[in-house]
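Visitor: In the working numbering, the protein residues as written are 1325 to 1718.
For reference, the structure I am asking about is given below.
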């Protein structure tokens, strides 16, 4: 049986067992919305979320309560482990076992891993086939990349055409700073402390006590340093050099990263940004912002997010992150940020423009993204995948 056939079998197993269950628990609230969306397309409702994060316990996600893991004393209970990493899946499996839950009542979301040695040599047809396989593994269904209709289908179908010079410039976290400086002004750029070709070139003594290290050729490859004295330089250098060697353009086929010359950059650490500032991410289509994705605690435990329209009306859907049901305060410089988004998104069919409004009144540029979540996370409710997909056509 091929790897992708095993994945299909895994999702079919979850579906069939869910149809027979009287009570369905999704283990992992942070990523479990994908499973909830997958099942609701089959008119199957989950009963409860489990999570170990205190920020989730006692709350609800998409209308479903979140509890600390326990053994449900009912018949025909199915526990679905939705964690993304294999390590977390194993840890959660062991936790359920320690609670007296037998493995026969546990299902695990399947995983698929591409062959890294083959990725750089694939032709267009092979790339689309591999993108479809990854989509199947993450979403539980095969996409229609030949005639895409959903948002996630369209950004995946477009991936192989994104490796052009302009998209690569926007994806380069070092070169885009100069672009923003020229287009918008230096006041919108986060301060840069240094740039290097390899970690051994970094003079840590010359850096401030707080800073952020990242590579320019990937997404999510960041090291937040709150206290330089506590930094393990050897481990940090090892991690940075490993990231430099990875071609992120083949991670989910985000090909705009493929042509970037890898570098390490060091930026100002923004205390307010770490804990108290929202990410305002503008979903732009054909040079016009349509929705604002407002994220609380971005990339940290307990993260939630909601979409707003340009008049700051909260929208009834979420994407990847659990929905934040609170209506957060409208940014005081919303109109300025809308104008910046229009300017930066001009000439692109679709791009996400990320901005921050700092407590001192500054508006700072974050990044420009062409494939949120790589196109491999689900909307909830699922029909909004198609609502967003229509934005490409307007």
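Heads up, the beta-carbon is just placed ideally off N, CA and C, and yes, glycines get one too.
From a predicted model like this one, the values you see are computed outputs, not experimental measurements.
Is the CB-CB distance between residue 1592 and residue 1561 below 9 Å?
Guide: To locate residue 1592, count along the chain shown from 1; it is residue 268. To locate residue 1561, count along the chain shown from 1; it is residue 237. Going by C-beta atoms, residue 1592 is not nearer than 9 Å to residue 1561.
Visitor: Quick check: the Cα distance between residue 1456 and residue 1410, rounded to an integer number of angstroms?
Guide: Residue numbering aside, residue 1456 sits at position 132 when the chain shown is read from its first letter. Residue numbering aside, residue 1410 sits at position 86 when the chain shown is read from its first letter. Straight-line Cα distance between these residues: approximately 21 Å.
Visitor: Are the CB atoms of residue 1464 and residue 1358 within a distance shorter than 9 Å?
Guide: Start at 1 with the first residue of the chain shown, and residue 1358 comes out as number 34. Start at 1 with the first residue of the chain shown, and residue 1464 comes out as number 140. Closer than 9 Å, so yes.
Visitor: If I measure Cβ to Cβ from residue 1666 and keep anything under 7 Å in the same chain, skipping five residues before and after, which residues do I get?
Guide: If you number the chain shown from 1, residue 1666 lands on position 342. These residues qualify, in order along the chain: 1611, 1612 and 1613.
Visitor: How do the segment 1378-1385 and the segment 1420-1439 stand: do at least 3 beta-carbon pairs fall below 8 Å, yes or no?
Guide: No, the segment 1378-1385 is not in contact with the segment 1420-1439.
Visitor: Measure the alpha-carbon distance for residue 1418 versus residue 1509 and round it to whole angstroms.
Guide: Here residue 1418 corresponds to residue number 94 of the chain shown, with the count starting at 1. Here residue 1509 corresponds to residue number 185 of the chain shown, with the count starting at 1. Approximately 53 Å, taken between the alpha carbons.
Visitor: Evaluate the contact criterion for the segment 1352-1366 versus the segment 1421-1431: three or more CB pairs, one atom per stretch, below 8 Å.
Guide: No, because fewer than three Cβ pairs between the segment 1352-1366 and the segment 1421-1431 fall closer than 8 Å, the two stretches do not touch.
Visitor: If contacts are defined as beta-carbon pairs under 8 Å, then residue 1386 and residue 1640 qualify, I think. What distance do you get, rounded to the angstrom?
Guide: Taking the first residue of the chain shown as position 1, residue 1386 is located at position 62. Taking the first residue of the chain shown as position 1, residue 1640 is located at position 316. Not confirmed; about 11 Å, so no contact.
Visitor: Check residue 1384 in the structure and name its three-state DSSP category.
Guide: In the chain shown, residue 1384 corresponds to position 60, counting from 1. In this structure, residue 1384 counts as strand in the three-state DSSP scheme.
Visitor: Based on the DSSP output, what are the partners of residue 1389 in its beta bridges?
Guide: Here residue 1389 is taken as the residue at index 65 of the chain shown, counted from 1. Paired residue(s): 1384.
Visitor: Comparing C-alpha positions only, which one of 1531, 1660 and 1642 sits nearest to residue 1708?
Guide: Here residue 1708 corresponds to residue number 384 of the chain shown, with the count starting at 1. Closest by alpha carbon: 1642.
Visitor: Going by C-alpha to C-alpha distance, which of 1345, 1578, 1429 and 1526 sits closest to residue 1495?
Guide: Start at 1 with the first residue of the chain shown, and residue 1495 comes out as number 171. The option with the nearest alpha carbon to residue 1495 is 1578.
Visitor: Which class does residue 1643 belong to by DSSP, given the choice of helix, strand or coil?
Guide: Counted from its first residue, the chain shown places residue 1643 at position 319. The answer is strand: DSSP assigns residue 1643 an E or B state.
Visitor: Residues in its own chain within less than 6 Å of residue 1365 by CB, not counting five upstream and five downstream?
Guide: As a working mapping, residue 1365 is identified with position 41 in the chain shown. So the qualifying residues of the chain are 1706.
Visitor: Less than 9 Å separating the beta-carbons of residue 1681 and residue 1675?
Guide: Position 357 of the chain shown, counted from the start, is the residue given in the question as residue 1681. Position 351 of the chain shown, counted from the start, is the residue given in the question as residue 1675. No. Outside cutoff.
Visitor: Beta carbon of residue 1350, beta carbon of residue 1406: below 9 Å?
Guide: Mapped onto the chain shown, residue 1350 falls at position 26. Mapped onto the chain shown, residue 1406 falls at position 82. Yes, the Cβ-Cβ distance between residue 1350 and residue 1406 is below 9 Å.
Visitor: What ranges does the beta strand (DSSP E) occupy inside the segment 1546-1609, keeping only unbroken runs of at least 3 residues that lie completely in it?
Guide: Here the runs fully enclosed are 1546-1549, 1588-1592 and 1603-1609.
Visitor: Can you find at least 3 beta carbon pairs, one from the segment 1538-1548 and one from the segment 1566-1573, that sit closer than 8 Å?
Guide: In short, these stretches touch, since the Cβ pair count reaches three.
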